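Each residue of the sequence shown is one higher than the one before, counting from 1 in the working numbering. Scroll down for the structure; my scribbles are underneath it.
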Amino acid sequence: MAAGKWTALVWIALAELFALSLWFSASVTGPELRELWSLTTRTEAWLSASVPFGFIIGTLISVYFGISDRFNARKVFALAALAGAMVNGLLTVTDSAAIGIILRILTGVTLAGVYPTAVKLLSQWFPTKRGLALGILIAALTLGSSLPHFISIFFSSVDWKLVIFVSSLLALAAAGIMNWVVVDEPAAPKRMVFSFKLMKQVLVNKPVMLANYGYFGHMWELYAMWTWLPVFLAASFASYSSQVSPTIIAFASFVSIGVAGAVGCILGGLVADKLGRSRLTILSLVVSASCSVIIGFTFGQTLWLTLTVAVIWGMFVISDSAQFSAAVTEFAEVPYVGTALTFQMCIGFLITIFSINLIPVVQSIIGWKWVFALLSIGPVFGIISMMKFRTYEIEADSK
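Spelled out as structure tokens, the structure:
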């Protein structure tokens, strides 16, 4: 069993990494799509926000029908990744911004069948050491989300469609891994049908809702940072020197978001299992909020200074993400764990739409120096919530 669960973790994480490459596959090719689809600043922002919007729709459907509780999570993941690969691939044959945004929304819908179900799968395999396991999963998610930046280093100069094509192939591989390689946990709990009574149990569970509030503050910052940090780096590097190539910008984005974020997730999981989820989340939120304020002052400065702050921010902005989900799986009763996780992610990603769209509007008014400071509002809210959550965590540990 011990060896089996770690094998399952490796394969589930690999499938997650591949499938989540769909998330930013179109955003990375933004300059090409801007010209092809005649995008304005506002429509480009909506292109970035379309996947979270679709994810929300998908999670609402999942919550209403209890998909993650009623059906085999492994099969749901495989079908969702397959559908996502197909929808994403259609981007290469459209020249309309409206159709492109619709396809990105549909991609988000499919990813709602990937992320929450993977979390639930791991919570079944890891009744203990769940923090580390989920940390590794979110590390895979982080690397997968930033993977298009890495792919673009090799293919963007050839054809932007290759970035889309490769990400779709990776999602197909994810579907195959989940369907034919990953096995079901031997003692998987009985699947439950969704009902509004289950939703009520989520809402009245105080520690679960405090973990949710912490997650909501975290999400206000996370995806807006992931979406606009590459744009900030491009503008900052260009301000410092006109000789900086797009390859360097893509590599800097991949390192800041993907590599640093993956390291942060794994270390965060280790620390959380030893010191507690509340302590880790509070530390992460404090550091990430500080970086969101500091990084603006590095704009146009030497590349290494800007990149150093970006890497630290990239590490801490995601290091706590898995722990909010882990907290929910620990304080929610088994029959409504899937519903509780999906609800958490649904509201969290709804919040990202507002912060993603707010950044370009405010940036046009106050510039890059101060705009990311707006993202610190979320972590401050999250810190307050997790300080209250700690009371329940201490009480549970003492039993």
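The beta-carbon is built from N, C-alpha and C at its ideal position, and this holds for glycine as well. What you are looking at is a predicted structure, and each value in this text was computed from that prediction instead of being measured.
Which residue comes first and which comes last in the alpha helix (DSSP H) that contains residue i?
| i | result |
| --- | --- |
| Leu-172 | 160 to 176 |
| Trp-313 | 303 to 316 |
| Tyr-392 | 377 to 397 |
| Asn-434 | With the chain running from 1 to 399 in the structure shown, residue 434 is simply not present. |
| Ser-25 | 25 to 28 |
| Gly-100 | 97 to 111 |
Taking residue i as the reference, which of the options has the closest Cα?
| i | options | result |
| --- | --- | --- |
| Arg-422 | Ala-139, Met-199, Ala-19, Phe-24 | The requested residue 422 is not part of the displayed model; the chain covers only 1 to 399. |
| Trp-37 | Phe-71, Trp-6, Thr-92 | Thr-92 |
| Phe-354 | Trp-46, Val-166, Phe-18, Lys-5 | Trp-46 |
| Met-315 | Gln-201, Val-255, Leu-341 | Val-255 |
| Thr-402 | Phe-55, Lys-369, Ile-356, Ser-319 | No answer is possible for residue 402: the residues shown for the chain start at 1 and end at 399. |
| Pro-360 | Trp-11, Ser-27, Arg-42, Ala-15 | Arg-42 |
| Cys-346 | Leu-9, Leu-20, Leu-60 | Leu-60 |
| Gly-367 | Ile-377, Ala-211, Phe-297 | Phe-297 |
| Ala-396 | Ala-332, Ile-164, Ser-290 | Ala-332 |
| Gly-269 | Leu-111, Phe-324, Ala-235 | Phe-324 |
| Leu-106 | Phe-55, Ala-373, His-149, Gly-144 | Phe-55 |
| Phe-299 | Ala-234, Asn-212, Gly-217 | Ala-234 |
| Asn-88 | Leu-22, Leu-33, Ala-238 | Leu-22 |
| Ser-48 | Ser-145, Lys-120, Ala-8, Ala-19 | Ser-145 |
| Leu-121 | Ile-249, Trp-11, Thr-227, Phe-18 | Trp-11 |
| Ala-97 | Trp-226, Gly-30, Ala-73, Thr-7 | Gly-30 |
| Gly-135 | Val-380, Ala-326, Tyr-336 | Ala-326 |
| Ala-81 | Leu-229, Val-202, Leu-14 | Leu-14 |
| Asn-357 | Lys-369, Ser-278, Trp-226 | Trp-226 |
| Leu-313 | Met-86, Leu-170, Phe-389, Trp-228 | The residue asked about is misnamed: residue 313 is Trp in this sequence, not Leu. The residue with the shortest Cα to Cα distance from Trp-313 is Trp-228. |
| Ser-321 | Phe-77, Ala-139, Leu-39, Ser-236 | Ala-139 |
Using DSSP with H/G/I as helix, E/B as strand and the rest coil, what is residue i?
| i | result |
| --- | --- |
| Thr-40 | coil |
| Asn-72 | coil |
| Ala-19 | helix |
| Val-193 | Note that Val-193 scores 48 on pLDDT, short of 50, meaning its location in the model is unreliable; the coordinates nonetheless yield the value given after this. Here Val-193 sits in coil by DSSP. |
| Val-287 | helix |
| Thr-329 | helix |
| Met-1 | Per-residue confidence for Met-1 stands at a pLDDT of 46, beneath the threshold of 50, marking its modelled position as unreliable; no derived number is given. |
| Pro-116 | helix |
| Glu-221 | helix |
| Gly-300 | coil |
| Asp-273 | helix |
| Gly-66 | coil |
| Thr-92 | helix |
| Asn-179 | helix |
| Asn-205 | coil |
| Ser-319 | coil |
| Glu-185 | coil |
| Phe-232 | helix |
| Phe-216 | helix |
| Phe-126 | coil |
For chain B, find out if any of its Cβ atoms is closer than 8 Å to the Cβ of residue i; answer yes or no.
| i | result |
| --- | --- |
| Met-219 | Protein chains in the displayed structure number just one, and chain B is not present. |
Return the chain-ordered ranges of every alpha helix (DSSP H) run that is complete within the region 237 to 263 and spans a minimum of 4 residues. 246 to 253
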